[in-house]
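Enquirer: One structure coming up, written as C-alpha cells, with questions to follow.
Numbering (the working numbering), first residue to last: 284 to 588.
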C-alpha cells in the first residue's frame, strides 16, 4: 500500500512518499501504541481533582511528549467503527476531537523531530499523510475532555513544548518559524492575547528596530501582531506605515503557501482570529488579494461570521 497526500495536499505541497529508508525502519521497527503503552485511567471521574496526576499512571501520561519525540513515524490508526458502548461512529474526525489525541499530535508538531511523517490510516487501503493545514486549526486545549482537569494539563504540556520549539528557532534561517510559533503562543496554549509595549514587541519577535518590523519583506511585524491578536500593536504598526497587504514568505511546514497576506492569517485562525480580521478590514486591508493558489481571505474563513 502506498502513502501519499490527498489531492488538496498534493496541489499545495507537491507529491510526498515514504522513502525506502523510512519503509525499512517501519518494517523493522517497534510499535509504541498509546492504547496499550500508556495505562488507561478507567477509574477517573469527569470532575476529578488535579491531585490525581501525582500517581504513577498520570506521570506516564505526562511522559507522552518524550515518547512522541523518539518516534520515527507518527501514525493515527482511525478506521471507521462503531463505539462499543455508545453505538456512535468513531473515525478520523472523532479522533481529532479527542483532547489527548490532539495533545499527542501537537507534541509531534512541536517536537524537534517535527520532520517525521504523520500518517492517517483509515482503512486497509487508505493511508494519507497528515499535513499542517489539518492540525493548525485544531489546538489541543479546545478539544473534548472527559476530565476537565486534563484541559489545563494539556495546555501546560503544550506551553512547555512550545517554549522548547521557540528556543530552537530563535536565530538564523529559522527566524520566520520562530516568529510564527511565538505569535501563536497564546492561541495554541489557551491564554488571552498578549499586550506588549513597542520595545517588548520588538524584543520578543527578534526585530532590531521599528523600521525592521514595518518593512514589507520577510515575516513582518504586522503578521506577528495579527497572529498574536495584539490589536493595539496592529494599529500602531499600520500608523507607522506597515502595509497590511505585503505578501508573506511561504512557511510550508506550518501550512502557509506563498503570498499569504495578514488577512489570510486572521481568517485561517477561525474564531480566534475574528477580532484581528475585523481590525485589518477597518484599517483598509484589501480583501481581494489572492495567495499563490488563487484564494482570497474569504476562502480561508471557517466561521459563519
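Glycine residues also receive a C-beta, built at the ideal position from the N, C-alpha and C atoms.
(1) Between 536, 378 and 425, which lies nearest to residue 233 when the distance is taken from Cα to Cα?
(2) Hey, how far is the Cα of residue 530 from the Cα of residue 460?
(3) Between the region 468-480 and the region 532-540, do three or more beta carbon pairs fall short of 8 angstroms?
(4) According to DSSP, is residue 483 part of a helix, a strand, or is it coil?
(5) Look up residue 316 in the DSSP assignment and say whether it is helix, strand or coil.
(6) When the Cα atoms are used, what is the spatial distance from residue 355 to residue 304?
(7) Quick check: the region 567-574 against the region 544-551, are there 3 or more CB pairs under 8 angstroms?
(8) Is it true that the CB of residue 504 sits closer than 7 angstroms to the CB of residue 490?
(9) So, at 7 angstroms on beta carbons, what are the nonlocal neighbours of residue 445 in its own chain, with the 5 sequence-adjacent residues on each side left out?
(10) Grouping DSSP H, G and I as helix and E and B as strand, with all else coil, what is residue 345?
(11) Would you call the region 355-370 in contact with the region 395-415, where contact means no fewer than 3 C-beta pairs closer than 8 angstroms?
(12) Can you tell me where the beta strand (DSSP E) with residue 406 in it begins and where it stops?
(13) Which residues share a DSSP beta bridge with residue 409?
(14) Is residue 312 closer than 7 angstroms to residue 299 when the C-beta atoms are compared?
(15) Of the residues 411, 450 and 386, which one's Cα is nearest the Cα of residue 434?
(16) Of all the options 432, 352, 418 and 357, which has the alpha carbon lying nearest to the alpha carbon of residue 447?
(17) Does the beta-carbon of residue 521 have 16 or more other beta-carbons within 10 angstroms, so that it is buried, or is it exposed?
(18) Can you tell me the Cα-Cα spacing of residue 452 and residue 395, whole angstroms?
(19) Mind checking who residue 433 pairs with in its DSSP beta bridge?
(20) Taking the CB atoms as reference points, tell me whether residue 509 and residue 542 lie closer together than 7 angstroms.
(21) When we look at the beta-carbon of residue 366 and count the other beta-carbons within 10 Å, is it buried (16 or more) or exposed?
(22) Take residue 562 as the anchor and find which of 483, 575, 573 and 516 has the nearest alpha-carbon.
(23) Check residue 394 in the structure and name its three-state DSSP category.
(24) Let's see if you can read the secondary structure: which residues bound the alpha helix (DSSP H) around residue 360?
(25) Use the C-beta contact count for residue 319: other C-beta atoms within 10 angstroms, 16 or more gives buried, fewer gives exposed.
(26) Rank 345, 585, 297 and 519 by C-alpha distance to the C-alpha of residue 439 and give the top, closest one.
(27) Can a CB atom of chain B be found closer than 7 angstroms to the CB of residue 485?
(28) Just reading off the alpha helix (DSSP H) that residue 507 is part of, what are its end residues?
(29) So, with DSSP's three-state summary, where would you put residue 372?
(30) How far does the alpha helix (DSSP H) with residue 307 in it extend, from its first residue to its last?
(31) Since residue 286 contacts residue 407 with CB under 8 angstroms, what's their CB separation in whole angstroms?
(32) Are the CB atoms of residue 462 and residue 488 within a distance shorter than 7 angstroms?
Expert: Per the coordinate set shown:
(1) With the chain represented from 284 up to 588, any question about residue 233 goes unanswered, as that position is not in the structure.
(2) 16 angstroms
(3) no
(4) helix
(5) coil
(6) 11 angstroms
(7) yes
(8) yes
(9) 393, 464, 468, 471 and 472
(10) helix
(11) yes
(12) 401-406
(13) 406
(14) no
(15) 386
(16) 352
(17) buried
(18) 10 angstroms
(19) Answer is none; residue 433 lacks a bridge partner.
(20) no
(21) exposed
(22) 516
(23) coil
(24) Element bounds for residue 360: not the alpha helix (DSSP H) but the beta strand (DSSP E), 357-360.
(25) exposed
(26) 345
(27) Considering every chain present, this structure includes no chain B. It has just one protein chain.
(28) 504-511
(29) strand
(30) 303-310
(31) With 8 angstroms as the limit, residue 286 and residue 407 do not qualify as a contact, their Cβ atoms being about 13 angstroms apart.
(32) yes
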